[in-house]
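Worksheet: one structure, shown below.
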Amino acid sequence: MFFQHLANGVLISGIYALVATGFTLIFGVLEVVNFAHGEFYMLGAFILFCFAQQIGLPYFCAIPLCIGTLLIFGILVERSAIRPLLQKSFESMVICTFAISMILMNGSLLIWGAEPRIIQSPLSTPVSVFGIAFTLQRLLVLVVAVAVSIGLHLFLYRTKLGKAIRATAQNKDACVAVGIDIAFISKFTFALGVGLCALAGALVAPIYSVFPTMGQTAIFKVFAIVILGGLGNIQGALLASLILGIGESLIAGYVSATLKDGLAFLLMLFILLLRPGGIFGKAVRTL
Amino acid sequence: MKRETLLYGFLIAGFGALPLFGLSSYSLHVLIMIGIFLILSQSLNLMMGYVGLLSLACSGFFGVGAYVSALLSLHYKLSFIPCFCAAGLGAAALAACVGIPFLRLSKHSFVVGTLAFLLMCDLVSRNWTSVTRGPMGLPGIPSPRIALPFLSPITVSSKEAHFYFILVLSCLVLYGFVKLTTSRLGRAFTAVRDDEVLAKAMGIHTFKVKWLAFILSAFMAAIAGSYYAHYITFVDPLIFDLYYLEVALVTVIVGGAGTVWGVVAGAFLFTILPEFLRVVGGLRLLIYGVILFLSILLIPEGIGGAIRDRLRRRRVAVG
Chain A
2 MFFQHLANGV
12 LISGIYALVA
22 TGFTLIFGVL
32 EVVNFAHGEF
42 YMLGAFILFC
52 FAQQIGLPYF
62 CAIPLCIGTL
72 LIFGILVERS
82 AIRPLLQKSF
92 ESMVICTFAI
102 SMILMNGSLL
112 IWGAEPRIIQ
122 SPLSTPVSVF
132 GIAFTLQRLL
142 VLVVAVAVSI
152 GLHLFLYRTK
162 LGKAIRATAQ
172 NKDACVAVGI
182 DIAFISKFTF
192 ALGVGLCALA
202 GALVAPIYSV
212 FPTMGQTAIF
222 KVFAIVILGG
232 LGNIQGALLA
242 SLILGIGESL
252 IAGYVSATLK
262 DGLAFLLMLF
272 ILLLRPGGIF
282 GKAVRTL
Chain B
161 MKRETLLYGF
171 LIAGFGALPL
181 FGLSSYSLHV
191 LIMIGIFLIL
201 SQSLNLMMGY
211 VGLLSLACSG
221 FFGVGAYVSA
231 LLSLHYKLSF
241 IPCFCAAGLG
251 AAALAACVGI
261 PFLRLSKHSF
271 VVGTLAFLLM
281 CDLVSRNWTS
291 VTRGPMGLPG
301 IPSPRIALPF
311 LSPITVSSKE
321 AHFYFILVLS
331 CLVLYGFVKL
341 TTSRLGRAFT
351 AVRDDEVLAK
361 AMGIHTFKVK
371 WLAFILSAFM
381 AAIAGSYYAH
391 YITFVDPLIF
401 DLYYLEVALV
411 TVIVGGAGTV
421 WGVVAGAFLF
431 TILPEFLRVV
441 GGLRLLIYGV
451 ILFLSILLIP
461 EGIGGAIRDR
471 LRRRRVAVG
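The listed protein sequences derive, respectively, from chains A and B.
Residue 263 in our numbering sits at position 262 of the first sequence, and the numbers go up by one each step.
Residue 271 in our numbering sits at position 111 of the second sequence, and the numbers go up by one each step.
Written out as structure tokens, the structure is:
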């Protein structure tokens, strides 16, 4: 039974990792605490629902379309809301993303209604390996999350654009001096974060039901993860996702299911009390 | 100064005379809600406009106040005044505890942490069913009954009585708020907001100042919540809904963070407007979201702030 819980935890942490990486990336580069992040994830699931269920496209065809749609949407949001506020105070940015989150959540509530939607996937057949049961869809989520994390790491550390992104996170003035187009980097990073959300939403949709407030529960976990890992720290976010995912699954299995959601907060409080910079926290952000 | 006192006197008397014109109980309800949201918004305004910290926990303390008051009056049969005080002080004590780790954080993590606090309150109220009865909520909270010395106790149950009660309460809160923000401590608040390093260099214990502000703001939110519980006579976990936070945010931002009267105007505007437009539920939140979004992009200092800046500019031009 222990290994079953462990496996469940590892599989769920894949989702956390996808959403939290985007969040921490956006924070690292733009210094934006994106409250609308959970809503992009929710929107990813709903757009997939539109393509797969309402239009009737095959699931694997709908995923890229869904990501594409949200990438365009992300760029529009960045252009209209994020960019004009980058020079303003940090609080106005928070309120702006909070407002976007409210608009998206209540907008989806009006469009799609409150009842949870279910999406079929060709991979929802259950399999069992060494007595551990899971669906192929969950395995797909984990595989994609690992692949994306490795890809992202290679991208940030090996490519010129990735290095420019890290440079922007470290020192914007120096970037301007060496001719890095910060406006482009900001746009690119924001779209990348939104794209990761869309991917997570699209992958999760067949596992859980899709409903307009799902982003709100997700963002809470993401907050806990990024605080645990240190704001702006991608490796920290990945490890923290794993800790939270496994911890929640074990608590749900052995203690009580209601305590599960409290773990995120307790971990967060604990970290804030002992190490305000996160477990791997350093004085400087290490993107 | 004398003229201002007279003006406020007339204003309060004018509001006090409103029920005499035979307002419907619905209009009185809207006026009562303005008072409640006014106190809640000023609690956010204190943190955001004066100390410069965006604390999303204020609507959490609002709910904590409501729950403390409801539980004390239902389980221990305490009368209104002890419940009301206990709600304020209880939330203040809670704020004193959680404030210590929260205020040590960077301003980014502070926002995240305070929102997590709000969500945690929601989680506790939903799942601690043996005390809060979970989503079923706590019905049957008695109307405020206030014992007066030498007089028979007053039961605040009619809409008119509630209206006078909240009128007095919000006037007291506003008076205290103005006194606070113009006091030495209030100037320390704005000093911390404008330049924390400089404030520290001037000998202000910035952590203590922020901590005090956090406690005071929690106290204000909690007394509003306590009264709200006794007015509606029911609390459930929806009191921790983001709705209250959003109303407070839109009131403070559009009204003008850091201005007292701008926020008062905001409270009137954003309580009356949705009633007037007859929009409910999700649509109301959607419209608030759009207003908040446009306001932060177009008039980030709010209406009150814009007017204050213009007055200041004129004063500079004249003087």
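Glycine residues also receive a C-beta, built at the ideal position from the N, C-alpha and C atoms.
Here the structure is a predicted model, which means the values were calculated and not measured.
query	result
Do you know offhand how far Thr-287/A's Cα is from Ile-226/A's?	Bear in mind that the predicted position of Thr-287/A carries a pLDDT of just 44, short of 50, making it too unreliable to give a figure here.
In chain order, what residues of the same chain have a beta carbon less than 7 Å from the beta carbon of Pro-179/B, not counting five sequence neighbours either side?	Leu-188, Glu-320 and Phe-323
Closer than 9 Å by beta-carbon distance: list the chain A residues that pair up with Leu-238/B, in chain order.	By Cβ distance, chain A contributes nothing, its closest Cβ being about 29 Å from Leu-238/B, past 9 Å.
Which word fits Gly-426/B, buried or exposed, when buried means at least 16 other C-beta atoms lie within 10 angstroms of its C-beta?	buried
The beta strand (DSSP E) that contains Phe-135/A, what's its start and end?	133-136
Could you give the distance in angstroms between the alpha-carbon of Gly-169/B and the alpha-carbon of Phe-221/A?	46 Å
Along chain A, in chain order, which residues have C-beta atoms closer than 9 Å to that of Lys-370/B?	Within chain A, no residue comes near Lys-370/B; the closest Cβ sits about 15 Å away, beyond 9 Å.
Taking Cβ to Cβ, would you say Ala-46/A is nearer than 8 Å to Ala-146/A?	no
Put Leu-298/B into one of helix, strand or coil per three-state DSSP.	strand
Quick one: using the 10 Å Cβ neighbour count with 16 as the cut-off for buried, is Thr-190/A buried or exposed?	buried
Only counting runs of 4 or more residues, tell me where the alpha helix (DSSP H) segments fall wholly within the segment 53-114 of chain A, in order along the chain.	60-78 and 91-113
Going by DSSP, name the residue or residues bridged to Ile-306/B.	Ile-314/B
If the criterion is Cβ atoms closer than 8 Å, does the pair Val-423/B and Gln-202/B meet it?	yes
Once DSSP output is grouped into helix, strand and coil, what is the label at Pro-207/A?	coil
Going by DSSP in three states, Ser-184/B sits in which element: helix, strand or coil?	coil
Restricting to Cα atoms, I'd like to know which of Thr-342/B, Ile-364/B, Ser-343/B and Thr-341/B is closest to Val-352/B.	Ile-364/B
Would a C-beta distance cut-off of 8 Å place Leu-197/A and Thr-70/A closer than the cut-off?	no
Can you pull out the residues from the segment 248-268 of chain B whose beta carbon lies closer than 9 Å to at least one beta carbon of chain A?	Val-258, Ile-260, Pro-261, Phe-262, Arg-264, Leu-265, Ser-266, Lys-267 and His-268
Considering only C-alpha positions, which residue in the set Arg-305/B, Ser-285/B, Pro-304/B and Ser-303/B is nearest to Met-296/B?	Ser-285/B
Contact defined as beta carbons within less than 8 Å: I believe Leu-110/A pairs with Pro-213/A. What is the distance between those atoms, to the nearest angstrom?	4 Å
Between Gly-10/A and the rest of its own chain, which residues show a CB-CB distance below 6 Å, the 5 nearest in sequence each way excluded?	Gly-246, Ile-247 and Ser-250
Measuring alpha carbon to alpha carbon, tell me which residue in Ser-125/A, Gly-29/A, Met-43/A and Asn-234/A is nearest Leu-140/A.	Ser-125/A
So, using beta-carbon positions, are Leu-216/B and Leu-405/B closer together than 8 Å?	yes
In the DSSP assignment, find the beta strand (DSSP E) that holds Pro-261/B and state where it starts and stops.	Taken as a continuous stretch (DSSP letters only), Pro-261/B belongs to no beta strand (DSSP E), being part of the alpha helix (DSSP H) at 240-263.
Is it the case that the Cβ atoms of Ile-104/A and Val-450/B are separated by a distance below 8 Å?	yes
Would you give the residue range spanned by the beta strand (DSSP E) that Ser-129/A belongs to?	127-130
Looking at the secondary structure, which residues open and close the alpha helix (DSSP H) in which Pro-434/B lies?	420-437
Measuring alpha carbon to alpha carbon, tell me which of Asp-469/B, Gly-418/B, Thr-292/B and Gly-464/B ends up nearest Gly-209/B.	Gly-418/B
Does the beta-carbon distance from Ser-266/B to Cys-243/B come in below 8 Å?	no
Figure out for me which residue from Tyr-236/B, Leu-204/B, Thr-366/B and Gly-176/B has the closest Cα to the Cα of Ile-260/B.	Thr-366/B
Which of the three DSSP states, helix, strand or coil, is assigned to Arg-470/B?	helix
Can you check whether the C-beta of Leu-288/A is within less than 8 Å of a C-beta belonging to chain B?	Confidence at Leu-288/A is low in this model, with a pLDDT of 48, below 50, so the placement of that residue should be treated as unreliable; the coordinate-derived value is given next. So no, Leu-288/A is outside the interface.
For the alpha helix (DSSP H) holding Gln-121/A, just list the boundary residues, first then last.	Careful: Gln-121/A lies outside any alpha helix (DSSP H) and carries neither H nor E.
Between Asn-107/A and chain B, is the shortest Cβ-Cβ distance under 8 Å, so that the two count as touching?	yes
Which residues in the same chain have their Cβ closer than 7 Å to the Cβ of Phe-175/B, if we skip the five residues on either side of it in sequence?	Leu-327
To the nearest angstrom, report how far apart Gln-5/A and Leu-238/B are at their CA atoms.	50 Å
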